[in-house]
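Data first, discussion second: the structure below is written as structure tokens.
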Amino acid sequence: MAEPIPPELWPQVSAAFDACLDAAADAGADVDGAMAARLQDLPPRVAHHVRALLAAHAADGGLGTLGGPLEAALDEAARPPAAAPGQCLGPYRLMVPLGRGGMAEVWGAEQVEGALQGRRVAIKLPLHGRRLSARLDEERGLLLALEHPHIARLYDAGTQATPQGPQPWLALEWVGGEPIDRALAGLPLRSRLIVFLQVLDAVRHAHGRLILHADLKPANILVDADRQVKLLDFGIARLLDHEGPHAFTPASAAPEQRLGARLSVATDVYGLGQVLARLVPPSDRRSLAGRALERVIERASAEAPEHRYADVDALAQDIHRVLDHRPVRAWPANAWPGRLYHLRCLLRRQRLPLLAVLALLLGLGAALWQGQLARREARRAEAASAYLLDLFKTLDRRAADADQPAAALRRLLDARSAEIERHLPEDPATADELLRITATLHDYLGDAGRSRALGQRRRELLLHQLGPRAPATLAAGLALIWPLLAERDTAAAQALLDELDAELPAHGLQRAEWLLARHDQRRLQGADPAEREALLRAALARYAADAPQDSGHAATWLALSELLEQQARLPAALQAVDEALLRVPQAQPYIASDHARQLLQRAQLRSRLGQPGAAADDEAALGLLRHSVGLRAPFVRAALTALIARRCTSDPAAAETLAAEAGLTGCTRVP
């Protein structure tokens, strides 16, 4: 096999090769002398490749048999066809040039004859290379065999006589949109993967008809405003059982393409891996799904074809596994990192009640051990960890409520209450930690009454042990405010807030939390909007100064956005929720349900302001809720009700389905 020509040398090699042939034609008998004179002036690497081409040319009698990347390079350097705006090819009039690639020039055109007069099309014209006209004839048959919603259609084809000779042309479907990497930039990872599955479906369809694409890259995959994919440029495709030259894009070409070797399904798998790498940049590969996708990309983009996925269907199955939180085949459990990944996938599929326990366990362990706490605090952490792990072990898959993790976890927490009480006399510090964890879990599960009872018991314990001004006692008092407000016991909440106001410092995170809690209490009491806004802005000032990364900071911006929306100050409300979302990536702790509420609020405002992006925010929020607290958590009911009302206008059937899933009223009773 001939040594491949580096892509960066193709223009010089092409020009020098043509110059040598011209010199030979003009030299008469002294062909060798003419070529030697030309070669002396070339850089050594260029001269080396030109000599190889000249040898092949002399042996084979012409360019027609050189093939591979050489001919693609030489054809790309050839002159474009003689086409101009207004020229007619068959029933189509050329309007404006759209671009020029390695094998053809593309024009925007309109149909001027027939029943579909006025239809916009894309006209593809070959460059004047020896092989490209024949290849375009081949493309005509290939594209006629392809009918798929995500592949650009071939409408017509023909040959037009021109002064330069016969000019083949193809009339293709006019496709709007942007390259897939630009069109999907900024969307949630799940949304990007769902669109990528359309690409896989289109390529799988073509492979089923023995057709390769062989030039898969973002520029050949357009996505419209409805996130529908159109795959372009099967003009370089080859029948799978036919060997021959192939044009390609060097930056995304598979190793076998660069070497001029035979292509196969694995070549397109490599191209799809390169496209996926553009859709999932390194910044998105730190999460569990992102690390799994990194393994998928590595498998698809392996140097050796036999190490890649066997076909597009195998690649698609791994993408579905990522979406379903199942382990991918590209990351087997044959080593410790793989086994840990498989375990995390198992836990990830259990919804938030189990994930909340794991997150609290990990967060608790990190918080306690990172600071080199005293032995007593380490003992508390050990007891808390054992308590949480015991909850995991007791979640019996055979139990009647095994398919409802929230109900199962609630049952187990109730059963453990007596054990916590037994810890009180012997180890009050450990009992405090277990009460805090259990109350927090009940709060996640929407059990405000149980959370309140446990919170009150915890605060009583700390008041007795540490006194009213101890930081732990103050923290327990603040934590108790939220179940009181959830039960709408504003009198008890006000009394406790007044008591805490006298003990809390004027600055710091706890003062910021107190201001936010006071706002929520006054909101339930119907306070004046001006008073509420003042409380929220005071809380924002404290968070910004003392705890900018605390999750309460983003929650306060969300509360301000909701207040501004109630006053019809929609642009300001949108700006406030944008501020909330800006703080989500750094929020500590990250709370998925809060993130979802912020996305739903932004979707509501975008919809009311007539701005794009509302549907994407809604879908992202629903995905977060489904994989965290579910759609029936009490604290997301208002936001979901607003979403259902919006969908009743645009898609009543989808609204009814969502309402049933969330346990809310559907369109029939939405005003």
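In this note's numbering, the protein residues as written are 1 to 671.
Note that the Cβ used here is the ideal one computed from N, Cα and C, for glycine as well.
Quick caveat: nothing in here was measured; it's all calculated off a predicted structure.
Bounds of the beta strand (DSSP E) holding Q111 are 104-111.
When DSSP reads this structure, R93 sits in a beta bridge with C88, E110. By the neighbour-count criterion, in which 16 or more other beta carbons inside 10 Å mark a residue as buried, E294 falls on the buried side. Going by DSSP, Q160 is part of the beta strand (DSSP E) stretching over 154-162. Annotation: the continuous alpha helix (DSSP H) that includes L563 extends over 551-566.
Under the 8 Å Cβ criterion, the segment 267-278 counts as touching the segment 295-302, having at least three qualifying pairs.
Residues of the same chain with a CB within less than 8 Å of the CB of V50, apart from the 5 flanking positions on each side, are V13, A16, F17, C20, L39, L42 in chain order.
The C-alpha of L574 lies about 30 Å from the C-alpha of A493.
Annotated three-state conformation of Q521 is helix, per DSSP. One alpha carbon belongs to R522, the other to H553, and they sit about 19 Å apart. In the three-state reduction of the DSSP assignment, A527 falls in the coil class, being assigned neither a helical nor a strand state. Residue pairing from DSSP places V223 in a beta bridge opposite E178, V229.
When secondary structure is reduced to three states using DSSP, E173 falls in the strand class. V203 sits in a helix when the DSSP states are folded into three classes. Annotation for A310: no alpha helix (DSSP H) segment contains it, and DSSP assigns it neither H nor E.
When only Cα atoms are considered, A506 and L454 end up about 28 Å apart.
Inclusion of L640 and L664 in the CB contact set at 8 Å is warranted, their separation being smaller than that value.
Under the three-state reduction of DSSP, L98 is assigned to strand.
Distance from the CA of D546 to the CA of L509, rounded to the nearest whole angstrom, comes to 6 Å. Taking the C-beta atoms as reference points, Q111 is found no nearer than 8 Å to V96. Within the DSSP bridge table, the entry for A596 names no partner. Excluding sequence positions up to five before and after R597, its CB lies within less than 8 Å of the CB of L558, A621, F635, V636, A639, all in the same chain and listed in chain order. The C-alpha of R321 is placed about 54 Å away from the C-alpha of T162. The residue from L154, E105, W174 with its alpha-carbon nearest to that of G118 is W174. About 11 Å separates the Cβ atoms of A185 and V223, ruling out a contact at the 8 Å cut-off.
The C-alpha of N220 lies about 16 Å from the C-alpha of H148. Residue range 570-582 is occupied by the alpha helix (DSSP H) that includes P571, with no beta strand (DSSP E) assigned at that position.
Out of P327, A289, S264, the CA that lies nearest to the CA of A310 is found in S264.
E306 counts as exposed, since fewer than 16 other beta carbons sit within 10 angstroms of its beta carbon. Nearest neighbour of A115 by Cα position, chosen from R262, L315, Y92, turns out to be Y92. Residue burial annotation: R286 is exposed, with fewer than 16 other C-beta atoms found within 10 angstroms of its C-beta. In the structure shown, the three-state DSSP call for V121 is strand. Among the bridge pairs identified by DSSP, Q167 is matched with Q160.
Shortest Cα-Cα distance from D226 to any of G177, L259, Q586 involves G177. Close CB contacts of D617 within its chain, under the 8 Å cut and outside five residues either way in sequence, are with L599, L600, R602, A603, R606 (chain order). Within a 10 Å sphere around the beta-carbon of C648 sit 16 or more other beta-carbons, which makes this residue buried.
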